[in-house]
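Chemist: Residue numbers (numbering that gives the first Met the number 0), protein chains in the order written: chain A, 0 to 322; chain B, 0 to 296.
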Amino acid sequence: MDAPIASPPLDRLASRRGLRDRLGDSSLRWISALAAVGVITVIALIIYEVIDQARPSIRTFGISFVWHRTWNAVTDQYGALDFLVATLYVTGLAVVLAAPVAIAIGLYLSELAPGGVRGVVGSLVEMLAAIPSVVLGLWGILVLGPVVHNEFGPWLNDVLGWTPFFATRPISGSTMFTAVLVLAIMIVPITAAISRDLFLQVPPDIKEGAIGLGLTRWEMVRGVMLPYTRGGLISAVLLGAGRALGEAIAVTQVIGTTAHLTANLFETGDTLASRIAAQYQAAASNLQVASLFYLGVILLAISLIVNFAALLIVRRYDIAQRV
Amino acid sequence: MEASGVVPISLKSSGRSRRRQRTNHVAQGASVLAAFLAIGVLALVVISVLVRGLKAINLDLFTKNQVTYGETGGGIANGLVGTAIIVAIAAAIALPVGIFAAIYVAEFAGSRASRVVRLALDVLNGVPSIVVGIFAYALLVVGSGYAAWKGSVALAIVMLPLVARTTIEVLRLVSDSLRYGSYALGISKWRTVLFVVMPSAIGSIMTGATLAIARAAGETAPLLFTTSIFLPNQIVTDPHHAMAAVPLLILFDSESPDPSLNNQAWAAAFVLMFFVLVLSLSARYVLARRERKLRAR
Numbered sequence: 000m001d002a003p004i005a006s007p008p009l010d011r012l013a014s015r016r017g018l019r020d021r022l023g024d025s026s027l028r029w030i031s032a033l034a035a036v037g038v039i040t041v042i043a044l045i046i047y048e049v050i051d052q053a054r055p056s057i058r059t060f061g062i063s064f065v066w067h068r069t070w071n072a073v074t075d076q077y078g079a080l081d082f083l084v085a086t087l088y089v090t091g092l093a094v095v096l097a098a099p100v101a102i103a104i105g106l107y108l109s110e111l112a113p114g115g116v117r118g119v120v121g122s123l124v125e126m127l128a129a130i131p132s133v134v135l136g137l138w139g140i141l142v143l144g145p146v147v148h149n150e151f152g153p154w155l156n157d158v159l160g161w162t163p164f165f166a167t168r169p170i171s172g173s174t175m176f177t178a179v180l181v182l183a184i185m186i187v188p189i190t191a192a193i194s195r196d197l198f199l200q201v202p203p204d205i206k207e208g209a210i211g212l213g214l215t216r217w218e219m220v221r222g223v224m225l226p227y228t229r230g231g232l233i234s235a236v237l238l239g240a241g242r243a244l245g246e247a248i249a250v251t252q253v254i255g256t257t258a259h260l261t262a263n264l265f266e267t268g269d270t271l272a273s274r275i276a277a278q279y280q281a282a283a284s285n286l287q288v289a290s291l292f293y294l295g296v297i298l299l300a301i302s303l304i305v306n307f308a309a310l311l312i313v314r315r316y317d318i319a320q321r322v
Numbered sequence: 000m001e002a003s004g005v006v007p008i009s010l011k012s013s014g015r016s017r018r019r020q021r022t023n024h025v026a027q028g029a030s031v032l033a034a035f036l037a038i039g040v041l042a043l044v045v046i047s048v049l050v051r052g053l054k055a056i057n058l059d060l061f062t063k064n065q066v067t068y069g070e071t072g073g074g075i076a077n078g079l080v081g082t083a084i085i086v087a088i089a090a091a092i093a094l095p096v097g098i099f100a101a102i103y104v105a106e107f108a109g110s111r112a113s114r115v116v117r118l119a120l121d122v123l124n125g126v127p128s129i130v131v132g133i134f135a136y137a138l139l140v141v142g143s144g145y146a147a148w149k150g151s152v153a154l155a156i157v158m159l160p161l162v163a164r165t166t167i168e169v170l171r172l173v174s175d176s177l178r179y180g181s182y183a184l185g186i187s188k189w190r191t192v193l194f195v196v197m198p199s200a201i202g203s204i205m206t207g208a209t210l211a212i213a214r215a216a217g218e219t220a221p222l223l224f225t226t227s228i229f230l231p232n233q234i235v236t237d238p239h240h241a242m243a244a245v246p247l248l249i250l251f252d253s254e255s256p257d258p259s260l261n262n263q264a265w266a267a268a269f270v271l272m273f274f275v276l277v278l279s280l281s282a283r284y285v286l287a288r289r290e291r292k293l294r295a296r
């Protein structure tokens, strides 16, 4: 029989170390798995808790809550339609206003701007994405509001008063129009930064190929770059929209927080998020609190749908971590 | 019969090329114009906040507390202390959970588990901060009242996906040869993760964390439902009581009819923006440099 080669002390050392390593491995695995489970629990708990709190209202009003207009604390009747429509209307207009501009900034930064400008403007855009929304709202209420009231309002009403959008003059600076502008300013930097990154990802050889075929720069953008980045651009816009949908504070500050079901942008309005933010302390009855949570459920559902749509598209482009 | 296959071409300019050039110039000009217009507006916003804030700023802002309604003067010292404490507690919750969850995804999980966790993070990232606010309200505040730590929990939920997602990205960038090298030396997995992988990633993780902190410091909605009713004129340091926070003070002051409070809101906005911008710009700069280095390796 061969004598064992490994000396006993080494053997014992190895086994002790083996034990410690097994323990270390499994504890690190379990601690990190616990954290991961924690993340899943948090999101599940959020969805559950918000729906649970809304239950009295869901039971009383059912799904018709979504298309009822009354919000009356005296008769204890609540409905979401005005807020839902205002949310979609204001967000939609902000996106329509912001998206082309943001994509133009992206094009400018990736294609047209000279090197020095690119860095400065690029970091300016990123800086703007970091402005807290309450600061934007402060600017909206104290600077933009008066301008809307005294300059934009009368002027747009004179020129475009025949359209339903500017049918009256604003009676104060707090209007849906102000909210649209503030939200647009908020989402331009987000969408612009992502679209710039998308344009920079277009392989240079297909761009050069297009130029080599004699296309002008614009034809190259339209024929090569936009088709190549289409999915990414759509999700960049959707992510901006998702941010605007759920923005409560800046909107509360500038929109006037009185609901109107109208296309007239110079009326005050109230979105789902701003209604929740504005009434957080004033809720009189349990049913009103539950109805505010019901608004939260609707808001959560819409933002999750928008974000999912964006994610599904974005998965194909490697930009998920930017947002 | 004419010679077949010959298409008569006119070499005279048809104006088509000129038209294409014109379209090109118009489109290019429009793009530049739109970009400049938008950037101009954005710069205007920043400059007007900074100028107004700078004009309203004074020493009292940092040394005095908010005054009770009807008085004049005062500062935001209680808000600064409150924000510092609330955000610090939020970071103490969000950083370990976020980083460990990311370690699980990047180092331990199989592809299905990792997909589920990443999906949860993406969903969490898409939850509007006001919904996080009412969630914290329902879970923690109802029945027991406002407290600063409850605000911290809400902010931690906002920070969590930001921290975890950056960390996952960074851990993915750490080269596998580093891990194999460590295993080849007989080093166990937990030592490899904690003492080989983490040290080369920790810088970028910390800058990602800084970005999350900058974002949390400016969040208002989660605090509105958790710690917004506080005593106006004293500094609170016990997280079991409601605390003032800078974003809340800006919100309340901005809606006040009193112009001196409006001024205070500008000054507070200046302080908040300065803090957030310095933090996030420097973090972004460091992060970009580190990622380039990691990728190059």
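Each residue gets a CB set at the ideal place from its N, CA and C atoms; glycine is no exception. Everything numeric in this text was worked out from a predicted model, so none of it was measured.
Please identify, using Cβ separations under 8 Å, the residues of the stretch 36–47 of chain B that lie next to chain A, in order along the chain.
Modeler: Taking 8 Å as the Cβ-Cβ cut-off against chain A, the residues of the stretch 36–47 of chain B that qualify are L36, A37, I38, V40, L41, A42, V44, V45, S47.
Chemist: Would you check if the distance between the CB atom of G222 of chain A and the CB atom of L298 of chain A is smaller than 8 Å?
Modeler: Locating residue 222 of chain A in the first sequence gives position 223, counting from the first residue. Locating residue 298 of chain A in the first sequence gives position 299, counting from the first residue. Cβ atoms of G222 of chain A and L298 of chain A: not closer than 8 Å.
Chemist: Cα separation between L159 of chain B and H67 of chain A?
Modeler: Residue mapping note: residue 159 of chain B aligns to position 160 of the second sequence, counting from 1. Residue mapping note: residue 67 of chain A aligns to position 68 of the first sequence, counting from 1. The alpha-carbon atoms of L159 of chain B and H67 of chain A are separated by roughly 36 Å.
Chemist: Which bits of chain B does E48 of chain A rub up against, with CB to CB less than 8 Å?
Modeler: Counting from one through the first sequence, the residue named residue 48 of chain A turns up at place 49. Result: F134, A137, L138.
Chemist: For chain A, find out if any of its Cβ atoms is closer than 8 Å to the Cβ of S128 of chain B; answer yes or no.
Modeler: For this step, residue 128 of chain B is matched to residue 129 along the second sequence. It does; some Cβ of chain A falls within 8 Å.
Chemist: Grab me the residues of A276 of chain A's own chain with a C-beta within less than 7 Å of its C-beta, minus the 5 sequence neighbours each way, in chain order.
Modeler: Within the first sequence, residue 276 of chain A is the residue found at index 277, counting from 1. Counting only Cβ-Cβ distances below 7 Å, and skipping sequence neighbours, we find A247, I248, T251.
Chemist: Q76 of chain A by DSSP, collapsed to three states: which one?
Modeler: As a position in the first sequence, residue 76 of chain A is number 77, starting the count at 1. Residue state, collapsed to three classes: strand.
Chemist: Could you pull out every residue in the same chain whose Cβ sits closer than 6 Å to the Cβ of E106 of chain B, ignoring the five residues on either side in sequence?
Modeler: One-based indexing of the second sequence puts residue 106 of chain B at position 107. For E106 of chain B, where only same-chain residues beyond five positions count, the Cβ hits under 6 Å are V192.
Chemist: When you compare only the Cα positions, how much space is there between L184 of chain B and A101 of chain B?
Modeler: Counting from one through the second sequence, the residue named residue 184 of chain B turns up at place 185. Counting from one through the second sequence, the residue named residue 101 of chain B turns up at place 102. For L184 of chain B and A101 of chain B, the distance between alpha carbons rounds to 25 Å.
Chemist: How many whole angstroms separate the CB atoms of V323 of chain A and L135 of chain A, which I take to be in contact at a CB cut-off of 8 Å?
Modeler: Since the displayed chain A opens at 0 and closes at 322, residue 323 of chain A lies outside it and no answer follows.
Chemist: Does V86 of chain B get closer than 8 Å to chain A when you measure Cβ to Cβ?
Modeler: For the purposes of this step, residue 86 of chain B is taken as residue 87 along the second sequence, with counting starting at 1. V86 of chain B does not count as touching chain A.
Chemist: Using the DSSP secondary-structure output, state which residues sit across from N71 of chain A in a beta bridge.
Modeler: Here residue 71 of chain A is taken as the residue at index 72 of the first sequence, counted from 1. DSSP output for N71 of chain A lists A:Q76 as bridge partner(s).
Chemist: For a cutoff of 8 Å on Cβ pairs, would you count V41 of chain A as touching chain B?
Modeler: Position 42 of the first sequence, counting from 1, holds the residue named residue 41 of chain A. At least one chain B Cβ lies under 8 Å of V41 of chain A.
Chemist: Interface residues of chain B around Q52 of chain A at Cβ under 7 Å?
Modeler: Residue mapping note: residue 52 of chain A aligns to position 53 of the first sequence, counting from 1. A137, listed in chain order.
Chemist: Looking at the structure shown, is W189 of chain B part of a helix, part of a strand, or coil, going by DSSP?
Modeler: Stepping through the second sequence from its first residue, residue 189 of chain B is reached at position 190. If DSSP states are grouped into helix, strand and coil, W189 of chain B belongs with the helices.
Chemist: Do we get a CB-CB distance below 8 Å when we pair D257 of chain B with the residues of chain A?
Modeler: Indexing the second sequence from 1 puts residue 257 of chain B at position 258. No, no contact with chain A.
Chemist: Round the Cβ separation of I75 of chain B and Q233 of chain B to the nearest angstrom and send it over; I've been treating them as touching at under 8 Å.
Modeler: Taking the first residue of the second sequence as position 1, residue 75 of chain B is located at position 76. Taking the first residue of the second sequence as position 1, residue 233 of chain B is located at position 234. Between Q233 of chain B and I75 of chain B the Cβ distance is about 13 Å, and since that is not below 8 Å, they are no contact.
Chemist: Any beta carbon from chain A within less than 8 Å of Q65 of chain B's own beta carbon?
Modeler: Your numbering for residue 65 of chain B matches position 66 in the second sequence. Chain A, which has no Cβ nearer than 8 Å to the Cβ of Q65 of chain B, makes this no.
Chemist: Beta-carbon within less than 6 Å of V285 of chain B's beta-carbon, same chain only, minus the 5 sequence neighbours each way: which residues are those?
Modeler: Sequence index remark: in the second sequence, residue 285 of chain B carries index 286 (1-based). The answer, listed in chain order, is T206.
Chemist: Helix, strand or coil for R168 of chain A per DSSP?
Modeler: Counting from one through the first sequence, the residue named residue 168 of chain A turns up at place 169. Residue state, collapsed to three classes: coil.
Chemist: Do V104 of chain B and S113 of chain B have their beta-carbon atoms positioned less than 8 Å apart in this structure?
Modeler: Numbered from its first residue, the second sequence carries residue 113 of chain B at position 114. Numbered from its first residue, the second sequence carries residue 104 of chain B at position 105. Contact flag set, yes.
Chemist: Residues of chain A with CB under 7 Å from N261 of chain B, in chain order?
Modeler: Mapped onto the second sequence, residue 261 of chain B falls at position 262. Chain A residues near N261 of chain B: L141.
Chemist: Just checking, does the stretch 75–90 of chain A make contact with the stretch 58–65 of chain A on the three C-beta pairs under 8 Å criterion?
Modeler: Yes, the stretch 75–90 of chain A is in contact with the stretch 58–65 of chain A.
Chemist: Take the Cβ of V50 of chain B as the centre, count every other Cβ of all protein chains shown within 10 Å, and call the residue buried at 16 or more, exposed below.
Modeler: In the second sequence, residue 50 of chain B corresponds to position 51, counting from 1. Exposed: under 16 other Cβ atoms inside 10 Å.
Chemist: List, in order along the chain, the chain A residues whose C-beta lies closer than 7 Å to that of L223 of chain B?
Modeler: By 1-based counting over the second sequence, the position of residue 223 of chain B is 224. What L223 of chain B touches in chain A: A276, Y279.
Chemist: Quick one: what does DSSP say N285 of chain A is sitting in, helix, strand or coil?
Modeler: Here residue 285 of chain A refers to the residue found at position 286 of the first sequence. Helix, per DSSP.
Chemist: Contact criterion: CB-CB distance below 8 Å. Does K188 of chain B meet it with respect to chain A?
Modeler: Translated into the one-based positions of the second sequence, residue 188 of chain B becomes position 189. True, the Cβ-Cβ gap to chain A drops below 8 Å.
Chemist: Whose C-alpha, out of B:P256, B:L32, B:S281, B:A211, is nearest the C-alpha of I92 of chain B?
Modeler: Your numbering for residue 92 of chain B matches position 93 in the second sequence. For the residues B:P256, B:L32, B:S281, B:A211, the minimum Cα distance to I92 of chain B belongs to B:A211.
Chemist: Listed from N- to C-terminal order along the chain, which residues in the stretch 197–217 of chain B have their beta-carbon within a distance smaller than 9 Å of any beta-carbon of chain A?
Modeler: Taking 9 Å as the Cβ-Cβ cut-off against chain A, the residues of the stretch 197–217 of chain B that qualify are L210, A213, R214, A216, G217.
Chemist: List the residues of chain B whose Cβ lies closer than 7 Å to the Cβ of Y107 of chain A, in chain order.
Modeler: Sequence index remark: in the first sequence, residue 107 of chain A carries index 108 (1-based). S30, V31, A34, listed in chain order.
Chemist: Contact defined as beta carbons within less than 8 Å: I believe R214 of chain B pairs with L161 of chain B. What is the distance between those atoms, to the nearest angstrom?
Modeler: Position 215 of the second sequence, counting from 1, holds the residue named residue 214 of chain B. Position 162 of the second sequence, counting from 1, holds the residue named residue 161 of chain B. Yes, R214 of chain B and L161 of chain B are in contact; Cβ-Cβ is about 6 Å, under 8 Å.
Chemist: Determine the DSSP secondary structure at S132 of chain A, reduced to helix, strand or coil.
Modeler: Here the question's residue 132 of chain A lines up with position 133 in the first sequence. It is helical.
Chemist: Y88 of chain A: buried (16+ other C-beta within 10 angstroms of its C-beta) or exposed?
Modeler: For this step, residue 88 of chain A is matched to residue 89 along the first sequence. Its Cβ being crowded by 16 or more others within 10 Å, Y88 of chain A is buried.
Chemist: So, for S279 of chain B: in the same chain, excluding its five sequence neighbours on each side, which residues have a beta-carbon less than 6 Å away from its beta-carbon?
Modeler: One-based indexing of the second sequence puts residue 279 of chain B at position 280. So the list reads L210, A213, once near-sequence residues are dropped.
Chemist: Residues in its own chain within less than 7 Å of I130 of chain A by CB, not counting five upstream and five downstream?
Modeler: Sequence index remark: in the first sequence, residue 130 of chain A carries index 131 (1-based). Nothing meets the Cβ criterion.
Chemist: Assuming A178 of chain A and I254 of chain A make a contact with CB atoms under 8 Å, what is their CB distance in whole Å?
Modeler: Walking along the first sequence from the start, residue 178 of chain A turns up at place 179. Walking along the first sequence from the start, residue 254 of chain A turns up at place 255. Sure, about 4 Å apart at Cβ, within 8 Å.
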